[in-house]
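Since the structure comes first, as structure tokens, the remarks are kept for the end.
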Amino acid sequence: MAIPVETFFLSQNTQGTLQARIQQMVAEGILSGRFRRGEKLPSTRQLAKHLGVSRITVTLAYTELLANDYLISRGRSGYFVSDNAPEPPDFGPLTQVEDKVDWDSALARRFASDRPLGLARPSDWARYRFPFIYGQTDQKLFDHANWRLCAMQALGAKDFVSLTQDQFDLDDPELVTFIARHSLPRRGIIAGPEEILITLGAQNALWLAAQLLASDGRKVAIEDPCYPELRSLLRQTGAKITPVSVDEKGLPPDAIPKDSRVIFTTPSHQCPTSSTLPRNRRDALLKRAAEIDAIIVEDDYEFEMSFLAPPSPALKSLDEDGRVVYVGSFSKSLFPGLRLGYMVGSAEFIREARALRASVLRHPPGHIQRTAAYFLSLGHYDALVRRIGLTLTERRRAMESAIMAHGLEIAGKGAHGGSALWMQAPENCDTRKFAERLREQGVLIEPGEAFFAGPNRPHNYYRLGYSSIPTERIEEGIARIGTALAQKKKQG
Numbered sequence: 011m012a013i014p015v016e017t018f019f020l021s022q023n024t025q026g027t028l029q030a031r032i033q034q035m036v037a038e039g040i041l042s043g044r045f046r047r048g049e050k051l052p053s054t055r056q057l058a059k060h061l062g063v064s065r066i067t068v069t070l071a072y073t074e075l076l077a078n079d080y081l082i083s084r085g086r087s088g089y090f091v092s093d094n095a096p097e098p099p100d101f102g103p104l105t106q107v108e109d110k111v112d113w114d115s116a117l118a119r120r121f122a123s124d125r126p127l128g129l130a131r132p133s134d135w136a137r138y139r140f141p142f143i144y145g146q147t148d149q150k151l152f153d154h155a156n157w158r159l160c161a162m163q164a165l166g167a168k169d170f171v172s173l174t175q176d177q178f179d180l181d182d183p184e185l186v187t188f189i190a191r192h193s194l195p196r197r198g199i200i201a202g203p204e205e206i207l208i209t210l211g212a213q214n215a216l217w218l219a220a221q222l223l224a225s226d227g228r229k230v231a232i233e234d235p236c237y238p239e240l241r242s243l244l245r246q247t248g249a250k251i252t253p254v255s256v257d258e259k260g261l262p263p264d265a266i267p268k269d270s271r272v273i274f275t276t277p278s279h280q281c282p283t284s285s286t287l288p289r290n291r292r293d294a295l296l297k298r299a300a301e302i303d304a305i306i307v308e309d310d311y312e313f314e315m316s317f318l319a320p321p322s323p324a325l326k327s328l329d330e331d332g333r334v335v336y337v338g339s340f341s342k343s344l345f346p347g348l349r350l351g352y353m354v355g356s357a358e359f360i361r362e363a364r365a366l367r368a369s370v371l372r373h374p375p376g377h378i379q380r381t382a383a384y385f386l387s388l389g390h391y392d393a394l395v396r397r398i399g400l401t402l403t404e405r406r407r408a409m410e411s412a413i414m415a416h417g418l419e420i421a422g423k424g425a426h427g428g429s430a431l432w433m434q435a436p437e438n439c440d441t442r443k444f445a446e447r448l449r450e451q452g453v454l455i456e457p458g459e460a461f462f463a464g465p466n467r468p469h470n471y472y473r474l475g476y477s478s479i480p481t482e483r484i485e486e487g488i489a490r491i492g493t494a495l496a497q498k499k500k501q502g
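In the working numbering, the protein residues as written are 11 to 502.
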């Protein structure tokens, strides 16, 4: 039986080359049971014409499927589904299972209800014309070619051990060496391998720090506003959280309660206001922590994006007591899906963090670590950061110019750079509802309510990211925001 050519179509959501997408399309048809063993596929000419691609593309896809024993070729008769092709198991008729479990009593703890609201972005955000969202990669800036080459190099026989073996609690030595010799000295930090731990991004590092330092009802000081996920994971540990309001210079040390055991802070680039803690406050914060015998967890995200002025020294570089735990990440500067970060602390703390990480996930994937190590050590990372910095400088100028022209109010923009501006709308504007209306006009913004703690959160703040929007679209996007706010004012 021949499979009609009309049953073949390429999904718009599938990634990869045309050849890979055609190969995946046929393989999925076989694995799902739609294409049966012995059935004849359309000829390469028929399928190429139907899909609107070149015949050689279809031929190469069929050839790869032949090699993997999904298809067989019978002389001049054409291509058929192989008798050795994987066959879906026959589970019989599927029946709907009635869930009779009382999950309220079955679950020892709940986490989904503790998730912060207001930061969700549509999965298809890239199709919006004016995506003023934070933390996403501009595909036009990322160095796909060299990352691919580094990934292929990491797949070589020389790196077989790092790719395939369970390293238990160890990290890639080449990546650790690069961080110790290159990344950390840029922040004024000197650390040995025993003081460095690779993590699945900064989020994983913050979770490890919270588990080790903030559980069992310990009192923790955090910034307000702050990264919402930090508040969430601290609540999960049972910590007693004290939000400390930040000002235009960041976290005020003298406002930190004297019974705080841990202080979480973003001194170089406060989240979300973008303020930078000046040197005198950094010294005062270290002094305050020493006075009350508290540990500081320093989240140094986006320090690479200091394109307006050199970054301030990291708190960790000024630490003489070993009381600062430093958290860094490559996810923001490379791409968020990488999920690769690191933490630096005293050897005893890192030993415990390594043991905790091993009990949950062993170690981050070896291939990802080695690929990143090559990308960093070969200079591609520095070149990428320079390219991003130049682009963000241009976009920042366009943002500030458009914001001034259309009468918007900046609440915090950062002295050193970054990739977002913290904005303030009129007091009667609920930015969550405002964001929904803007989305209908192709404009995406991030409401600010979720960044604040407490029941009476201000609802008139929002964040405008500019890492993913082309410079030429910024002015029109800001104009739409300005027009919508002006209409809001008229309505009262």
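Positions of the beta carbon are idealized from the N, C-alpha and C atoms, including for glycine.
| Query | Result |
| --- | --- |
| Could you tell me the boundaries of the alpha helix (DSSP H) in which Val68 lies? | Arg65 to Ala77 |
| Per DSSP, which one or two residues make a beta bridge with Gln434? | Glu419 and Tyr471 |
| Ignore the nearest five residues each way along the sequence and tell me which others in Ser21's own chain have a CB closer than 8 Å to its CB. | Arg31 and Met35 |
| Would you check if the distance between the CB atom of Ser172 and the CB atom of Asp179 is smaller than 8 Å? | no |
| What runs of the beta strand (DSSP E), each 3 residues or longer, lie entirely inside the stretch 339 to 384? | 351 to 354 |
| What distance in whole Å lies between the Cβ atoms of Ser339 and Ala212, which are believed to be in contact at a cut-off of 8 Å? | 4 Å |
| Excluding sequence positions up to five away, which residues of its chain have a Cβ less than 6 Å from the Cβ of Val453? | Phe140, Gly487 and Arg490 |
| Give a yes or no on whether the C-beta atoms belonging to Leu185 and Ala383 are separated by under 8 Å. | yes |
| Closer than 8 Å, CB to CB, is Arg44 near chain D or not? | Checking the listed chains, one finds no chain D in this structure; it contains a single protein chain. |
| Lys511 lies in the alpha helix (DSSP H); which residues open and close that run? | The shown model of the chain, from 11 to 502, leaves out residue 511, and the question about it has no answer. |
| In angstroms with no decimal places, state the Cα-to-Cα distance between Arg46 and Ser64. | 26 Å |
| Which complete beta strand (DSSP E) runs does the stretch 438 to 501 hold, if anything under 3 residues is left out? | 471 to 475 |
| Grouping DSSP H, G and I as helix and E and B as strand, with all else coil, what is Ala95? | coil |
| Which of helix, strand or coil does DSSP assign to Val254? | strand |
| Can you tell me which of the three DSSP states Ala12 falls into? | strand |
| From the DSSP secondary-structure annotation, give me the bridge partner or partners of Glu233. | Val254 |
| Leaving out five residues on either side along the sequence, give the residues of the same chain with a beta carbon under 8 Å from the beta carbon of Ser42. | Pro98 |
| For Ala207, report the span of its beta strand (DSSP E) as first-last. | Per the sequence shown, residue 207 should be read as Leu rather than Ala. Element bounds for Leu207: Ile206 to Thr209. |
| Here's the rule: buried if 16 or more other CB atoms are within 10 angstroms of the residue's CB, otherwise exposed. What is Gly202? | exposed |
| Taking contact to mean 3 or more Cβ pairs, one atom from each stretch, closer than 8 Å, check whether the stretch 475 to 484 and the stretch 400 to 415 are in contact. | yes |
| Scan the stretch 187 to 227 and note each continuous beta strand (DSSP E) run of 3 residues or more that stays entirely inside, going in chain order. | 206 to 209 |
| Based on DSSP bridge pairs, tell me the residues matched to Tyr138. | DSSP output for Tyr138 lists no bridge partner at all. |
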